[in-house]
Amino acid sequence: MCSCKVTIAAIAQTSKKVGKPPLDSAVTTRVVEEDSVASPSVETMPSFVKKLEDRVIPDGSSNVTLSCVVEGSPDARWMIEDELIEDGEDFRYISDGNIRGLLISEVFPEDSGVYSCVISNTTGESRCSCKISVEEIEGETPTFLMKPKPVSVNAGERAFFSCRVDGDPPPSIQWLFCNQPIIGSDRITITEADPSNNHTHSLEIPQVSPQDAGRYAVCCRNLLGDVTCTVSLIVSDAKKLEIRKDFRDVLKKSPAVKTNTGKTPN
C-alpha cells in the first residue's frame, strides 16, 4: 500500500469584493491511501527444451507416450496432420512439471502421421512436430538389467549413478535432473555403454554441491518403446555433520555429574 499527503485549503466565504482572505481561513490536511498494484510478472515466448522425435511404433502397441520438455508452464494442445486431437480416453493429455505429453491408449496403422505439440501463453505460441509410423516390427522393448540406485553423499564428495539396459534395437539413453535433460560438462561426466565398461551407462559428479540434490532419471528408448527409472541424490552438509560429531565427543568426554537424590545420610 502507498500513501500521499493532500493539503486542502478551505477559504471562508467573503464578499464579492476582491481582497485578501480573512486570517481565520481554515486549512485541512488529510491522508489519502491507495492500494498499490503490483506489476504483473513478465511472460516470455514459450519454447521447447527437448522437442518431439520421429518414431516407428509397432502395430498394436498400447499406452504409447509422445513427450517433450518445455520452458515455463505454457498450455499445450496436440494436433495430427494439423487437426486438433481431443483429450479423452483414446488420446490423453499429460502435463507433469515441464513435461507435456500425449498418451495413446492403443496404436493402429491409421494413427500414422505428423503429430504436433503446440504450446502457448499470453505472449504467443510455439510448436514442434514428429513423424509417427506404425509398422509391424520385430525386436524387444528396452528393459533394465541393472537400475541406478539412490545416492547419499556429503557436499564435495563424488556422486555416481550407473545402469545397464537391454533392447533390440539397442536403446538410446538420456539422463534428466528435475525433468530437465542433463548435458555433459566439466562438472558432470556422462559415459555411454561399451564393451570396455561392461555395457554400463553412467553419470558422475566428481564434487557435488547442495544444488545438485534432487531427483535424477534415466530414460531408455528404442523404436519399440521406452522405460524410465528415477532415483534421488541426497547431499549433506559435511561441516554441520562434523560439528555434531565434535559435540557428541565433548559430551562423551565430560565427567558424569552426580545428582542429589534427596536422601539424608544415616
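Residue numbers (the numbering used here): 135 to 400. All C-beta atoms, glycine included, are put in the ideal place defined by N, C-alpha and C.
Quick one: residues in its chain with C-beta nearer than 7 Å to the C-beta of residue i, no 5 flanking neighbours on either side, listed in chain order?
| i | result |
| --- | --- |
| residue 197 | 237, 239 |
| residue 190 | 267, 269, 271, 357 |
| residue 221 | 227 |
| residue 305 | 276, 299, 354, 355, 356 |
| residue 251 | 186, 202, 210, 212, 234, 261, 262 |
| residue 231 | 313 |
| residue 259 | 180, 252, 253 |
| residue 265 | 188, 248 |
| residue 282 | 295, 296, 297, 352, 363, 365 |
| residue 223 | 239 |
Helix, strand or coil: how does DSSP classify residue i here?
| i | result |
| --- | --- |
| residue 245 | helix |
| residue 197 | strand |
| residue 341 | coil |
| residue 329 | helix |
| residue 320 | coil |
| residue 216 | coil |
| residue 78 | The chain is shown only over 135 to 400; residue 78 falls outside these bounds and no answer can be derived. |
| residue 222 | coil |
| residue 165 | Because the pLDDT at residue 165 is just 49, under 50, the model does not fix this residue reliably, and the value given afterwards should be weighed accordingly. If DSSP states are grouped into helix, strand and coil, residue 165 belongs with the strands. |
| residue 271 | coil |
| residue 237 | strand |
| residue 265 | strand |
| residue 228 | strand |
| residue 187 | coil |
| residue 176 | coil |
| residue 313 | coil |
| residue 192 | strand |
| residue 305 | coil |
| residue 282 | coil |
| residue 351 | strand |
Identify, in the order they occur along the chain, each residue of the same chain with its Cβ nearer than 8 Å to the Cβ of residue i, setting aside the five sequence neighbours on each side.
| i | result |
| --- | --- |
| residue 209 | 253, 254, 255 |
| residue 348 | 311, 312, 366, 367 |
| residue 327 | 298, 299, 307, 333, 334, 335 |
| residue 199 | 228, 235, 236, 237, 238, 360 |
Going along the chain, which residues of its own chain have a beta-carbon closer than 6 Å to the beta-carbon of residue i, five neighbours each way excluded?
| i | result |
| --- | --- |
| residue 285 | 293, 367 |
| residue 359 | 275 |
| residue 219 | 212, 225 |
| residue 307 | 335, 354 |
| residue 172 | Confidence is the limiting factor: at residue 172 the pLDDT is only 47, short of 50, which leaves the residue's position unreliable, though a coordinate-based value still follows. So no residue of the chain qualifies. |
| residue 245 | 268 |
| residue 279 | 298, 300 |
Give a yes or no on whether the C-beta atoms belonging to residue i and residue j are separated by under 8 Å.
| i | j | result |
| --- | --- | --- |
| residue 181 | residue 217 | no |
| residue 215 | residue 247 | yes |
| residue 176 | residue 277 | no |
| residue 316 | residue 337 | yes |
| residue 201 | residue 241 | no |
| residue 404 | residue 273 | For residue 404 there is no data in the structure shown, the boundaries of the chain being 135 and 400. |
| residue 324 | residue 339 | no |
| residue 257 | residue 178 | yes |
| residue 183 | residue 345 | no |
Rounded to the nearest angstrom, how far is the Cβ of residue i from that of residue j, given a contact under 8 Å?
| i | j | result |
| --- | --- | --- |
| residue 188 | residue 243 | Not confirmed; about 17 Å, so no contact. |
| residue 288 | residue 370 | 5 Å |
Check whether the segment 283-303 touches the segment 343-361, counting contact only when three or more Cβ pairs, one atom from each stretch, lie closer than 8 Å. Flag = yes, the segment 283-303 and the segment 343-361 touch.
Margin query: Across the segment 333-342 and the segment 298-315, are there enough close Cβ pairs to call them in contact, namely three or more that are closer than 8 Å?
Written below: yes
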